[in-house]
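Here the protein sequences line up with chains A and B, keeping their order.
FYI, the numbering for the first sequence is 1 to 377, going by the UniProt record's numbering.
FYI, the numbering for the second sequence is 1 to 377, going by the UniProt record's numbering.
To start, the structure itself, in structure tokens.
2 protein chains.
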Amino acid sequence: MKAANRLEGFRSYMDEKQVELSLVWEPDNQYYLSGFRAITYSRPIVTLISRDSTELIVPGLEEVHAKEKAAVDRMYVYYEQIDKSHKETSYLDHLTKLLKKYPSGSRIGIEMDSLPSSVYIYLKEFGFQLIDIGRKIIEMRTIKDEKEIELLKIAGKLSDYAISESLKHARVGISELEFDSYGDKLLLEIASKQYAEELIGYENWTCSGVTRSEMPHLYSSTRKFEDGDMVVHSRQVWFNGYRAENERTFFVGTPTEKQKDLLKLAIEAQQVGMEIIRPGITAKEVDIAAYKVFKKAGYGEFVNHRIGHGLGLSEHEEPYLRFDNDLVLQEGMVYTIEPGVYVPGLGGYRHSDTVILTKDGSYSITQYPRDIEHLMF
Amino acid sequence: MKAANRLEGFRSYMDEKQVELSLVWEPDNQYYLSGFRAITYSRPIVTLISRDSTELIVPGLEEVHAKEKAAVDRMYVYYEQIDKSHKETSYLDHLTKLLKKYPSGSRIGIEMDSLPSSVYIYLKEFGFQLIDIGRKIIEMRTIKDEKEIELLKIAGKLSDYAISESLKHARVGISELEFDSYGDKLLLEIASKQYAEELIGYENWTCSGVTRSEMPHLYSSTRKFEDGDMVVHSRQVWFNGYRAENERTFFVGTPTEKQKDLLKLAIEAQQVGMEIIRPGITAKEVDIAAYKVFKKAGYGEFVNHRIGHGLGLSEHEEPYLRFDNDLVLQEGMVYTIEPGVYVPGLGGYRHSDTVILTKDGSYSITQYPRDIEHLMF
């Protein structure tokens, strides 16, 4: 779906909810609707969507970039330079002018879950009725179109190269961060050879040894792998914004039989999840099916997270594959399948792959081998 | 300042503002006050600070991690596992119970600039008076203590290694991303040798050639360096959370005299900024001093950002060195000094260094040579 079609869909929703203007704040949502993505920290960027126009407010240092990338009708720039102090110097200067066109009582759309409270209070002072449009954009983003799937597939392939390269260097004495860096470097070399002027990035987290692997989410450290370590290596790679997640648990040196059994169990739970996921099934059925594998083996109490999350432009996207989510899955949704078990004194075990739902089932865009024979170093 | 002293200072402020409970949402603020930092996407973590206790709400997958790291009095865990569905399954389950102790009308502290609107609305429904405590935490964070400065210095040193290594590989035909990756890899190798079990990370942005370097903030791409390119390479390295920023503009192949003059101008503006910054001067004086260098040379109109931002736990921290900021600078503040000029058809030019304000002046924790002779490849 092109940006224009997305806008059309979004505007139908605005009509239905009688929303006159939507203020889109969340960077991934803005990218989704306008094609413009900036590195944003302290300078707000706002996309405004009304029934007949789209407007963008950007800081001066994004002016050239936004002109090149943003599919919007009008652009307003604010400045941070003394000789331009007679112009607008804050996004609020522009926003206030634009909002004054709307009378008190107007229905204005905002993303309740990401718009900061201070902006909410500012909007309230205009006397507007504030309506959540964030859930709608999230819902639209769940179904990926062909172009998005193409980007996701490239990200998946690149993540396989990276994992494969890091694993070639798995050995006692290498640090988590060094381990990550081998895959990072090869990934960027391959991407630079295969793709011209594209944006690529990645994130890694490696948790090695019993103590650290028991914690599912940790930043990689300078800790060095030791003999008998289980290591949970997590990687996301993005290609022009679209992300694939690829995680493998592996052993360095000689694991115990018990540890091998736990990895096999996590692999089995993942297989169950990957086999069952398809359009028509509910999110919770997928989660519970994998959980039962752990439970049956007596490890249910050591499961501390859902089986997976949506994926696309953001690191985690709704909706989630969680035990209490009745959502019926659809073709075009993208999910990580990553059941994990974390046993005190025995470590953590989790693979993650990224699957795309097709008409009849699903396929994985991440392909590094999952079986234990390929994961002993 | 240790976490305990920080809490003491923060509680004095709460007393002064008659705030009974503060709800801290922003991850860097939580880390600053509790010592606990998680990789957080879709599962909220909340720190609650009252006059006599500190409480933390975490998802199940952070339970072990939080027990290890968080300096709080009590911890509440929420679960996403069907066999724990009789317990709390959302952060709101805990938060609601904890907030019910406070009668309608209680003064509750929140970070207005980061708390999502949906949480603000939820808190309003309790009948609370909501008071901004975010500005106070930002203010506390501006003055770095000895321990923080020690971490910043390490980050600065690591960033120098990285920039130096990337620049060794600067040549026509290498992509922006490959260029970045040399520095990344060496950085992680050196850090792994020198530091045991520490957390280290980095972010890079490289903009090469006339068109891309004119845009100050872009993600690195697979574009390959060409003869005559100016390249703006930006890097932040963090060590246990604390960040140094280190940026250099350099040439690949043969630049024109005009391009060399523009880089010299940016270097001169930076020198002026680095020489003038000290306690007692205002933020705006530093910005304007550097701006005047560009203006005098006839390039004032091509300046599109302030001279620098605060630095520490976040990529950008307030307060900013901006033309309209009357803040008087103090010892212990940390700033980037990064005046830039972006001329259509001639490219962008900007160095950035990270300086720490001392009693009498300042020093830079990033040291890679700034002169043009070291920046021609």
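Yeah, the Cβ is synthetic: ideal placement off N, Cα and C, and Gly gets one too.
For residue j and residue i, the rounded distance between their alpha carbons
i, j, result
"residue 104(A)", "residue 127(A)", "5 Å"
"residue 201(B)", "residue 355(A)", "29 Å"
"residue 188(A)", "residue 15(A)", "44 Å"
"residue 269(A)", "residue 305(A)", "13 Å"
"residue 348(B)", "residue 261(B)", "12 Å"
"residue 118(B)", "residue 68(A)", "34 Å"
"residue 366(B)", "residue 63(A)", "29 Å"
"residue 44(B)", "residue 211(B)", "40 Å"
"residue 300(B)", "residue 338(B)", "15 Å"
"residue 343(A)", "residue 214(A)", "7 Å"
"residue 110(A)", "residue 166(A)", "43 Å"
"residue 374(B)", "residue 196(B)", "33 Å"
"residue 28(B)", "residue 207(B)", "28 Å"
"residue 317(A)", "residue 333(A)", "11 Å"
"residue 7(B)", "residue 360(B)", "29 Å"
"residue 143(B)", "residue 204(B)", "26 Å"
"residue 100(A)", "residue 123(A)", "11 Å"
"residue 39(A)", "residue 139(B)", "24 Å"
"residue 372(A)", "residue 193(A)", "32 Å"
"residue 358(B)", "residue 170(B)", "35 Å"
"residue 10(A)", "residue 31(A)", "14 Å"
"residue 12(A)", "residue 156(A)", "33 Å"
"residue 385(A)", "residue 273(B)", "Here chain A covers residues 1 to 377 and nothing more, so residue 385(A) does not appear."
"residue 320(A)", "residue 85(B)", "16 Å"
Close Cβ partners of residue i (< 7 Å) along its chain, the five nearest in sequence each way excluded
i, result
"residue 95(B)", "46 and 57"
"residue 113(A)", "134"
"residue 66(A)", "36, 56, 58 and 75"
"residue 53(A)", "73 and 74"
Exposure of residue i, with buried meaning 16 or more beta-carbon neighbours within 10 Å
i, result
"residue 255(B)", "buried"
"residue 236(B)", "buried"
"residue 89(B)", "buried"
"residue 369(B)", "exposed"
"residue 183(B)", "buried"
"residue 5(B)", "exposed"
"residue 191(B)", "buried"
"residue 221(B)", "buried"
"residue 245(A)", "buried"
"residue 280(A)", "exposed"
"residue 308(B)", "buried"
"residue 257(B)", "exposed"
"residue 83(B)", "exposed"
"residue 136(B)", "buried"
Beta-carbon proximity list for residue i, same chain, < 6 Å, skipping 5 on both sides
i, result
"residue 60(B)", "77 and 79"
"residue 1(A)", "Caution is warranted here: a pLDDT of 47 is assigned to residue 1(A), below 50, making its placement in the model unreliable, and the coordinate value is therefore given only provisionally. Counting only Cβ-Cβ distances below 6 Å, and skipping sequence neighbours, we find 145."
"residue 132(B)", "112"
"residue 19(A)", "107, 109 and 131"
"residue 125(A)", "none"
"residue 176(A)", "206, 208, 220, 221 and 223"
Whole-Å CB distance - residue i paired with residue j, under 8 Å assumed
i, j, result
"residue 229(B)", "residue 251(B)", "7 Å"
"residue 327(B)", "residue 283(B)", "5 Å"
"residue 162(A)", "residue 186(A)", "6 Å"
"residue 234(B)", "residue 226(B)", "Contact doesn't hold; Cβ gap of about 20 Å is too wide."
"residue 22(B)", "residue 72(B)", "About 13 Å separates the two Cβ atoms, so there is no contact after all."
"residue 335(B)", "residue 311(B)", "7 Å"
"residue 81(B)", "residue 377(A)", "That pair is no contact at about 31 Å."
Sequence-distant residues of the same chain with beta carbon closer than 8 Å to residue i, five excluded per side
i, result
"residue 151(B)", "239, 240, 241 and 242"
"residue 341(A)", "262, 265, 266, 269, 294, 299, 302, 303, 348, 349 and 350"
"residue 285(B)", "276"
"residue 216(A)", "207, 232, 304, 305, 340, 342, 348 and 350"
"residue 297(B)", "265"
For residue i, the residue or residues it bridges with in DSSP
i, result
"residue 355(B)", "335(B) and 364(B)"
"residue 8(A)", "Answer is none; residue 8(A) lacks a bridge partner."
"residue 77(A)", "58(A)"
"residue 199(A)", "221(B)"
"residue 309(A)", "None; residue 309(A) has no bridge partner."
"residue 103(B)", "DSSP, once it has assigned bridges, lists no residue as partnering residue 103(B)."
"residue 131(A)", "109(A)"
"residue 243(A)", "238(A)"
"residue 204(A)", "235(A)"
"residue 350(B)", "340(B)"
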